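Below: one structure, written as structure tokens.
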Amino acid sequence: MVMDLHRCYNLVACPDLSGCKTLEKLNLQGCVRLTKVHKSVGNARTLLQLNLNDCSNLAEFPSDVSGLKALQNLNLSNCPKLKELPQEIGSMYSLKQLVVDETAISVLPESIFRLEKLEKLSLNGCQFIKRLPKHLGNLTSLKELSLDQSAVEELPDSVGSLSNLEKLSLMWCQSLTAIPESVGNLHLLTEVSINSSAIKELPPAIGSLPYLKILSAGGCRSLSKLPDSIGGLASISELELDETSISHLPEQIGGLKMIEKLYMRKCTSLRSLPESIGSMLSLTTLNLFGCNINELPESFGMLENLVMLRLHQCRKLQKLPVSIGKLKSLCHLLMEKTAVTVLPESFGKLSNLMILKMRKEPPESPSTQEHLVVLPSSFFELSLLEELNARAWRISGKIPDDFEKLSSLEIVDLGHNNFSSLPSSLCGLSLLRKLHLPHCEELESLPPLPSSLEEVDVSNCFALETMSDVSNLGSLTSLNMTNCEKVVDIPGIECLKSLKWLYMSNCKACSLTVKRRLSKVCLRNIRNLSMPGSKIPDWFSQEDVKFSERRNREIKAVIIGVVVSLDRQIPEQLRYCPVVPDIQANLLDQNKPIFSTTLYLQGIPKTHEDQIHLCRYSHFNPLVLMLKDGSEIQVRKRKPPVIEGVELKKCGIHLVYENDDDYGGNEESLDESQQSVSQKLANFFNSNLEDPFEDGNGTLTQRKGVTYGLEDARQLLVTFWETTYKAKRASLLLGIEC
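Heads up: the sequence shown runs through residues 1 to 738, numbered per the numbering used here.
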């Protein structure tokens, strides 16, 4: 018989169960108004399971439980008002699981040692229990003891008599400073977790645990060393020492022949690794994130099964060992923000390397550069490499044509480097999806690109002048050319049918040509667009828009156009933020704001001149999804602004309804009132050709119908000032991730 009353929120008292002679399961979980359990429960001789979890007002449990001889599972967790267990709990001699997490009990009854069949005892979050019964070791059937976040100050020596214990968890025990030596007698122990406890050292006897597989001590900030006996853990497969104060590893650690994962994240006191680490032949994962090691031992090359090596933010690591080329199984090498400046020639022998992330912090100014880097010739033998991030590695000169040998590349980030050209063989990388080259200030041209590309970022490439035809990039969704003011044309842009994000702020020389090229095809899917300009389409509403539902025509999108400029006095470092801040779209219902979003105006121009931004919000965006009859959309500058100096000069809003932008045929001969939104946008850009160059009086000159050739554009080009590397500082100021 089962009685399930869980989540009966109005149940105040447990019914008299005297007549339930065959009751086996009683579930009162979540009965939050229940304050006590009827005394008849203590005589339920057939009861096997009793669940009182989440009875948040339960303060009393029957003192006489002599009848619960068949009870196997008792769950009293999350009963914060329950202060004591029945003194004769030992009479429940069939009990296998006792869970009293998050209760107010302060002591365990001494009779608990009679629970000879108990397999699990959980006291997690018991903030009032400081000591355990001295005869706890009599629970010889116990397999799991969990005291996480309890106030326990010490473990009794008798814990070493728990001969069947397999799992011991002492995480976040802030008052527990030591583990008794007797723990070495727990020969069946497979997992010990002491994360974030106050334990200062591990007992030498811990090395006597032949079946221990997992030892987790992450966050034990008082733990400063490991015992030499650690090498005796013959079965250990995972050792976690994150954020400890360990300054060195004992040489004996090389005896861990079965270890597969070693975690030492943010061990800032760690200066070196022992040579014996090369003996960990089963090691597959080594995480040294944020450690202060200076170098890796030459024996490192013996780790033939190592798959993942993480060295992120090892800022004092200056070189990799020559033997690193022997790591034939290495697939992931993550070494961002280290002091390594040269890759050994053996690097190309990492035949299974798939992910290489080694980006650095861009220098604040060119004068801080110490030397320029050339990749080793063997680098281009990494034929399985899928992702390469070598941002700010100071790679100089020309990248060799051998680049095409990296035939598996899908993602490349070479931003903030000093090379002047990319190899023509780049187009042979048929799997390449993302090409990021921001702040490559000496890059002068882009060769033909592979048709597989989805993202191209050449923002702030100030020397870039020419781009090859991009009409083959049918999958391209994002093109960022912010501040590429020397580029005079983007041939083929009109064919980019998948383009969603086009950023061309301060692209002075090519904006006229590109405006002519923008077609209905490439504008249909545009979500964000920016370029020089001081006008927005005249068919956009120049005022706040009040939404009116249309019969049988669903609202599909909202397009917002803004013209913004940056003050001449704006701090230089803020010009390298990812986005122009402070312009917001607000949705109001009955004059009350119900939703607000900051327009994503990617690409801060290094100029004070006007830039036009278009932002299209599709039907799944809250700005559209929350629209109802009478709702009002307005565009405003944030008050107070994040930064001073952003000026909102014009704004316009256009609502796109069903059928407004669905027609796929040729519309050039149609009257504008019959044209799709995408076609009208194309007409706007094709006809409103504003010359981005200033005349002698410092005002913008408009010229319609003028075609500039390559040489004409170059003559009109103004000299651009030298760049500085301020992206990181600006991002920190605004709380934006670059």
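Backbone N, C-alpha and C define an ideal beta-carbon position, used for all residues, glycine too. Predicted model, so just to flag it, every value in this text is computed and none were measured.
Along the chain, where does the beta strand (DSSP E) that runs through residue i open and close?
i, result
"Ser421", "418-421"
"Leu239", "238-240"
"Pro593", "592-598"
"Pro376", "Segment: none, Pro376 is in no beta strand (DSSP E) and carries neither H nor E."
"Val342", "Per DSSP, Val342 belongs to no beta strand (DSSP E) and is neither H nor E."
"Leu215", "214-216"
"Leu262", "261-263"
"Lys357", "355-357"
"Gln584", "583-589"
"Asp457", "455-457"
"Val2", "2-4"
"Val412", "411-413"
"His135", "Counting along the chain, His135 falls outside any beta strand (DSSP E), and DSSP gives it neither H nor E."
"Glu387", "387-389"
"Ser146", "144-146"
"Lys25", "25-27"
"Lys398", "396-398"
What are the boundary residues of the alpha helix (DSSP H) that includes residue i?
i, result
"Asn686", "677-687"
"Arg638", "Run containing Arg638: none; DSSP gives neither H nor E here."
"Arg516", "511-517"
"Cys522", "520-523"
"Leu623", "622-625"
With residue i and residue j assumed to form a contact (beta carbons below 8 Å), what rounded beta-carbon distance in angstroms separates them?
i, j, result
"Leu262", "Leu286", "5 Å"
"Met358", "Ala390", "6 Å"
"Ser445", "Ser478", "Between Ser478 and Ser445 the Cβ distance is about 20 Å, and since that is not below 8 Å, they are no contact."
"Thr598", "Leu623", "Rounded, the Cβ-Cβ distance is 11 Å, inconsistent with contact."
"Glu119", "Glu144", "7 Å"
"Ser208", "Gly232", "6 Å"
"Val558", "Ile653", "7 Å"
"Leu476", "Cys440", "Their Cβ separation, rounded to whole angstroms, is 19 Å, which puts Leu476 and Cys440 out of contact at 8 Å."
Under 8 Å Cβ to Cβ from residue i, same chain only, skipping five residues before and after it: list those, please.
i, result
"Ser91", "Val65, Ser66, Leu68, Lys69, Ser111, Arg114"
"Ser424", "Asp401, Pro447, Pro448"
"Phe380", "Gly348, Pro400, Asp402, Phe403, Lys405, Leu406"
"Ser247", "Ser224, Lys225, Ser269, Leu270, Arg271"
What does DSSP give as the partner residues of residue i in its beta bridges?
i, result
"Arg550", "Arg553"
"Arg310", "Asn287, Leu334"
"Glu444", "According to DSSP, which records beta bridges pairwise, Glu444 is partnered with nothing at all."
"Gln611", "Pro532, Val564"
"Trp501", "Ser478, Asn528"
"Thr466", "Ser445"
"Ile653", "Ser541, Ile560"
"Tyr617", "Val558"
"His436", "Asp413, Asp457"
"Ala13", "Lys36"
"Val487", "According to DSSP, which records beta bridges pairwise, Val487 is partnered with nothing at all."
"Leu98", "Leu74, Leu121"
Less than 8 Å between the C-beta atoms of residue i and residue j, yes or no?
i, j, result
"Gly125", "Gln149", "yes"
"Ala59", "Lys39", "no"
"Leu303", "Leu288", "no"
"Ser408", "Leu431", "yes"
"Asp660", "Lys556", "yes"
"Arg315", "Thr338", "yes"
"Leu34", "Leu28", "yes"
"Lys508", "Gln679", "no"
"Leu71", "Leu48", "yes"
"Gly325", "Pro344", "yes"
Quick one: residues in its chain with C-beta nearer than 6 Å to the C-beta of residue i, no 5 flanking neighbours on either side, listed in chain order?
i, result
"Ser471", "Gly492, Cys495"
"Gln87", "Pro109"
"Glu153", "Lys130, Ser175"
"Ile206", "none"
"Asp544", "Glu632, Gln634"
"Val718", "With a pLDDT of only 31 at Val718, under the threshold of 50, the placement of this residue in the model should not be trusted; the figure read from the coordinates follows. Answer for Val718: no residue qualifies."
"Lys535", "Asn688"
"Asn697", "Confidence at Asn697 is low in this model, with a pLDDT of 37, below 50, so the placement of that residue should be treated as unreliable; the coordinate-derived value is given next. Nothing listed; no residue qualifies."
"Asn43", "Gly67"
"Ser299", "Glu275, Gly278"
"Glu455", "Lys434, Ser478"
Could you pull out every residue in the same chain whose Cβ sits closer than 7 Å to the Cβ of residue i, ignoring the five residues on either side in sequence?
i, result
"Tyr663", "Ser676"
"Ser367", "With a pLDDT of only 48 at Ser367, under the threshold of 50, the placement of this residue in the model should not be trusted, and no figure is reported."
"Gly474", "Ser451, Lys497, Ser498"
"Thr607", "Asn506"
"Ile89", "Val65, Pro109, Ser111, Ile112"
Check the Cβ-Cβ distances between residue i and every residue of chain B, and say whether any is below 8 Å.
i, result
"Ser272", "The structure shown contains no chain B, having only a single protein chain."
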